[in-house]
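*Asks:* Dropping the structure in here first, questions after.
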Amino acid sequence: MAPPTGTFHLDVEAISGICGSISIACWVVVFSPQIIQQFQQGNADGLSIQFVIIWLLGDVFNILGAVLQGVLPTMIILAQAPPTALQTVAWNTTVVVMVCVAGVMGWLLGEKATGGKGKPSDGAGDTLGFNVWGQFFGYLCAVAYIASRMPQLVLNWRRKTTDGLSMLFFLFACLGNVTYVLSIFAYDPKCPGGTCESGEASRIYGRYILVNLSWLAGSLVTLLMDLGIFVQYFIYKTEEEEEEEQQQVYRHVETPRQSQGRPEEEHWDSRPLLQRSDSGNL
1 MAPPTGTFHL DVEAISGICG SISIACWVVV FSPQIIQQFQ QGNADGLSIQ
51 FVIIWLLGDV FNILGAVLQG VLPTMIILAQ APPTALQTVA WNTTVVVMVC
101 VAGVMGWLLG EKATGGKGKP SDGAGDTLGF NVWGQFFGYL CAVAYIASRM
151 PQLVLNWRRK TTDGLSMLFF LFACLGNVTY VLSIFAYDPK CPGGTCESGE
201 ASRIYGRYIL VNLSWLAGSL VTLLMDLGIF VQYFIYKTEE EEEEEQQQVY
251 RHVETPRQSQ GRPEEEHWDS RPLLQRSDSG NL
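For the sequence shown, full-length UniProt numbering assigns the number 1 to the initial residue and increments by one for each residue that follows.
Written out as structure tokens, the structure reads:
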């Protein structure tokens with residue numbers, strides 16, 4: 001039974017559209033936290049330039065492959081006090097929720113504008129096929145995205161810190177990849193005539209996944225590597241906190257001697273005692 005006019009039917013295609021819209025919203029703002037972080041610190045020492053260059057190269061291959069293959073359009077569109085941990089979590093959570101809401105609102109506005117009839121071309125259905133150049137650039141895109149994370153992981157390992165990196169930057173990257181992958185998997189295969197024979201829907205879905213395999217691989221592997229950066233963040237943050245605690249203990253041990261303020265300690269004469277007693281006769 002068709003849904004009443006003016007209402008939205010949350011089916012598989014709607015879920016795919018919502019996830020795709022959220023993914024787009026994430027990619028639109030993904031670099032903003034890192035740019036703000038570098039502006040506040042006045043340097044970009046924590047960010048690997050190779051990471052950014054290879055990522056941008058992957059974007060170029062991504063656009064070329066997505067246009068040629070005709071896949072989902074998701075990948076085509078692409079001064080504060082020292083905050084406490086609770087404030088940081090609250091702020092990051094608020095920003096992520098706002099981005100997700102923006103993605104959902106974008107999908108709702110699109111549905112309202114088209115009346116639910118203007119479905120984006122995803123290269124699926126009866127005409128689903130492989131475009132050689134589209135696939136070529138799609139796999140180049142996957143390789144570039146995966147390779148882009150290596151310089152940043154190595155730089156963090158050499159510096160033994162993630163200082164200078166905005167974790168909100170990588171959080172948006174992870175969220176964008178997760179929602180993009182979900183938008184691909186949430187696909188409802190359509191059979192000719194509207195009726196699927198035994199196993200036909202599975203074959204169409206399998207072919208659809210193969211067409212999008214390079215984009216799936218690129219998103220999933222980079223997602224795992226971004227999680228590796230989060231692991232580095234927590235490991236190095238713990239080590240830095242332990243070092244700071246040790247320094248505080250050391251300063252606490254030295255403080256009692258300094259607090260006594262003895263003049264003889266401040267002007268200690270290292271000469272032998274007899275020589276010190278003769279100094280007044282000089």
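From the three backbone atoms N, C-alpha and C, an ideal C-beta is built for every residue, glycine too.
Hey, Trp-133 and Leu-57: beta-carbon distance below 8 Å or not?
*Replies:* Not closer than 8 Å, so no.
*Asks:* If contact is defined by three or more beta carbon pairs under 8 Å, each pair taking one atom from either stretch, is the region 194 to 210 in contact with the region 241 to 251?
*Replies:* Too few Cβ pairs lie closer than 8 Å, so no.
*Asks:* Between the alpha carbons of Ile-54 and Ile-35, how many angstroms are there, rounded?
*Replies:* Looking at the two C-alpha atoms, the distance is approximately 18 Å.
*Asks:* Do Val-12 and Tyr-180 have their C-beta atoms within less than 8 Å of each other?
*Replies:* Not closer than 8 Å, so no.
*Asks:* What would DSSP say about Phe-39, mapped onto helix, strand or coil?
*Replies:* Residue state, collapsed to three classes: helix.
*Asks:* Can you list, in chain order, the residues of its chain with a C-beta nearer than 8 Å to that of Asn-131? Leave out the 5 residues immediately preceding and following it.
*Replies:* Excluding residues within five positions, the ones whose Cβ falls inside 8 Å are Leu-68, Gln-69, Gly-70.
*Asks:* Please confirm whether Asp-226 and Cys-141 have their CB atoms less than 8 Å apart.
*Replies:* Contact flag unset, no.
*Asks:* So, helix, strand or coil for Tyr-187, using DSSP?
*Replies:* If DSSP states are grouped into helix, strand and coil, Tyr-187 belongs with coil.
*Asks:* Does the Cβ-Cβ distance between Ala-44 and Gln-50 come in under 8 Å?
*Replies:* Cβ atoms of Ala-44 and Gln-50: not closer than 8 Å.
*Asks:* Are the Cβ atoms of Gln-152 and Ile-229 separated by less than 8 Å?
*Replies:* Their beta carbons are under 8 Å apart, which means Gln-152 touches Ile-229 by this criterion.
*Asks:* Using a Cβ cut-off of 8 Å (strictly closer), state whether Ala-142 contacts chain B.
*Replies:* No chain B is part of this structure, which consists of one protein chain only.
*Asks:* In angstroms, rounded to a whole number, what distance separates the CA positions of Arg-159 and Ser-32?
*Replies:* Each residue's alpha carbon lies about 24 Å from the other.
*Asks:* CA-CA distance, Glu-240 and Gly-164?
*Replies:* Using only the alpha carbons, I get a separation of about 14 Å.
*Asks:* Buried or exposed: where does Val-154 fall if 16 or more other Cβ atoms within 10 Å of its Cβ makes it buried?
*Replies:* By the 10 Å Cβ count, Val-154 comes out exposed.
*Asks:* Starting from Asp-59 and walking both ways along the alpha helix (DSSP H), at which residues does that stretch end?
*Replies:* Its alpha helix (DSSP H) spans residues 49 to 69.
*Asks:* Return the residue from the list Lys-112, Leu-171, Gln-135 that minimises the CA-CA distance to Gly-218.
*Replies:* Of the candidates Lys-112, Leu-171, Gln-135, the one whose C-alpha sits nearest the C-alpha of Gly-218 is Gln-135.
*Asks:* Ignore the nearest five residues each way along the sequence and tell me which others in Leu-182's own chain have a CB closer than 6 Å to its CB.
*Replies:* For Leu-182, where only same-chain residues beyond five positions count, the Cβ hits under 6 Å are Cys-19.
*Asks:* Measure the beta-carbon distance from Ala-25 to Val-99 and round it to whole angstroms, keeping in mind my assumption that it falls under 8 Å.
*Replies:* Confirmed, about 5 Å.
*Asks:* My assumption, with CB atoms under 8 Å, is that Ser-21 sits in contact with Val-101. Please give the rounded CB distance.
*Replies:* Not really, about 11 Å apart at Cβ, beyond 8 Å.
*Asks:* Can you find the residues in the same chain that come closer than 6 Å, C-beta to C-beta, to Gly-46, ignoring five residues on each side of it along the sequence?
*Replies:* Within the same chain, Gly-46 has close Cβ partners Asp-163, Gly-164, Leu-165.
*Asks:* Can you give me the C-alpha to C-alpha distance between Gly-199 and Lys-190, rounded to a whole angstrom?
*Replies:* So the alpha carbons of these two residues sit roughly 12 Å apart.
*Asks:* Under the three-state reduction of DSSP, which class applies to Thr-195: helix, strand or coil?
*Replies:* It is coil, neither helix nor strand.
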